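The structure appears below as structure tokens.
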């Protein structure tokens, strides 16, 4: 439905296949991933994307996170997850109040106006050059916010009403993802995506059955390529493609999921809107795309204000600059953590 990847002659181009250094980096990431057999935990849904399945999808996600939350509650001497939520209630409310006071456009302007990017090594320079030379998204494939809604009419509603109406807009599509992103979170994502337009994310997968395999051996990860495209003043596209697909088809690789972030309401309402879809006939389920979206937010919304944020930014920087010590294991630890 939302095929808006970088296309030429109806064939997808990621804009990096011609660059051997970038390919080597991705191949190394995939090779490391294939050796990482581990039990994989999930993260809290800070990004809050919603599927058309509504409350049932939220219940499934909450159930998956419950073991992690219960362990954290026990570690802190609390008897239940509800007590854990109550303990951190004031901190959450304080952070939300601070976010509302911040100007989300400040970081966006900073990212757009930066004239002095960090120096890159040869691999990083080559990857950046490949990204810069990627073909533009045809205008017919660009889905701006007014493609989906009457923007001016939406502005007449408050934030809660906008969120409800936005989710209803995609409720009939069983492959749709949609959500509302806080302004400060969007600003951080925008800034980091500008500086790091490509990355990889892990997805937990069951490994093939092998004789003598332990329980941990039966759990593995699959790597997915992330690519950002800034297609308009208020529109960002994000593509997810499996590394296996990319390695097999190179510049003709087909993304399995496309996300769109719209910042049209950022100034008036302090929020950005997200929507996307999982393509038909791909080996990725809606739940997988949902989880990748959560991981995407967890990494790309990081700031240097905390130790966890610094680690995540270091991973982004390391991949962008072609760091030979880029660790998939460290990446897995970051996306599964509650920090």
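In this note's numbering, the protein residues as written are 733 to 1071. Glycine is no exception: its CB is placed at the ideal position from the N, C-alpha and C atoms. Bear in mind that the values here come from a model prediction, so they are computed numbers and not experimental data.
- prompt: Measuring CB to CB, does residue 974 end up less than 9 angstroms from residue 957?
  reply: Yes, they are a contact pair.
message: Let me make sure I understand the geometry here. Which of 817, 803 and 970 has the alpha-carbon closest to that of residue 1024?
response: Distance from the Cα of residue 1024 is smallest, within the candidate group 817, 803 and 970, for 970.
message: Given this structure, state the Cα-to-Cα distance separating residue 799 from residue 885, to the nearest angstrom.
response: For the pair residue 799 and residue 885, the Cα-to-Cα distance works out to about 42 angstroms.
field: Residues that DSSP places opposite residue 967 in a beta bridge
entry: According to DSSP, residue 967 bridges with 964 and 994.
message: Quick check for students: name the residue ranges of the alpha helix (DSSP H) that lie wholly in the stretch 892 to 958, counting only runs of 4 or more.
response: Counting whole runs of 4 or more residues, the stretch 892 to 958 contains the alpha helix (DSSP H) stretches 915 to 927.
Separation of residue 914 from residue 1021, as counted between CA atoms: A direct Cα-to-Cα measurement between residue 1021 and residue 914 gives close to 20 angstroms.
query: If you check the beta carbons only, do residue 1014 and residue 986 fall under 9 angstroms apart?
result: It is a contact, given that the beta carbons lie within the stated cut-off.
- prompt: Going by DSSP, which residues form a beta bridge with residue 972?
  reply: In the DSSP output, where bridge partners are listed per residue, residue 972 has 958 and 989.
- prompt: What residues in its chain sit with their C-beta under 7 angstroms from that of residue 878, if we drop five residues either side in the sequence?
  reply: None.
query: Where residue 967 and residue 1062 are concerned, what is the direct C-alpha to C-alpha distance, given to the nearest angstrom?
result: Per the coordinates, the alpha-carbon of residue 967 lies some 31 angstroms from the alpha-carbon of residue 1062.
task: Measure the beta-carbon distance from residue 917 to residue 1069 and round it to whole angstroms, keeping in mind my assumption that it falls under 8 angstroms.
output: The beta-carbon distance between residue 917 and residue 1069, rounded to whole angstroms, is 17 angstroms. This is too long to meet the 8 angstroms contact definition.
task: Report buried or exposed for residue 912, applying the criterion of at least 16 other Cβ atoms within 10 angstroms of its Cβ.
output: It counts as buried.
message: Using a Cβ-Cβ cutoff of less than 6 angstroms, which residues in the same chain neighbour residue 1031 once the five nearest sequence positions on both sides are dropped?
response: Excluding sequence neighbours, residue 1031 sits near 1044.
Contact check, residue 1016 vs residue 989, beta carbons under 9 angstroms: At a Cβ-Cβ threshold of 9 angstroms, residue 1016 and residue 989 count as neighbours.
field: N-terminal and C-terminal residue of the alpha helix (DSSP H) that residue 1024 is part of
entry: 1018 to 1032 is the span of the alpha helix (DSSP H), which, as asked, contains residue 1024.
message: Given a cut-off of 9 angstroms on the beta-carbon distance, is the pair residue 1064 and residue 906 in contact?
response: Their beta carbons are not under 9 angstroms apart, which means residue 1064 does not touch residue 906 by this criterion.
query: Which residue's Cα is closest to the Cα of residue 892: 965, 809 and 1004?
result: Checking every option, the nearest Cα to that of residue 892 belongs to 1004.
query: Going straight from the alpha carbon of residue 1053 to that of residue 874, what length do you get?
result: The alpha-carbon atoms of residue 1053 and residue 874 are separated by roughly 29 angstroms.
task: Find the nearest neighbour of residue 953 within the set 960, 937, 965 and 961, judged by alpha-carbon distance.
output: If we check each option's Cα against that of residue 953, 937 comes out closest.
task: Kindly indicate which residue of 887, 922, 896 and 903 has the alpha-carbon position closest to the one of residue 961.
output: Checked all of 887, 922, 896 and 903; the closest Cα to residue 961 is 922.
field: Per-residue DSSP class, three states only, for residue 1008
entry: Strand, per DSSP.
Chain-order list of residues whose beta-carbon lies under 6 angstroms from that of residue 1011 (same chain, five-residue window excluded): Taken in chain order, the residues that qualify are 988.
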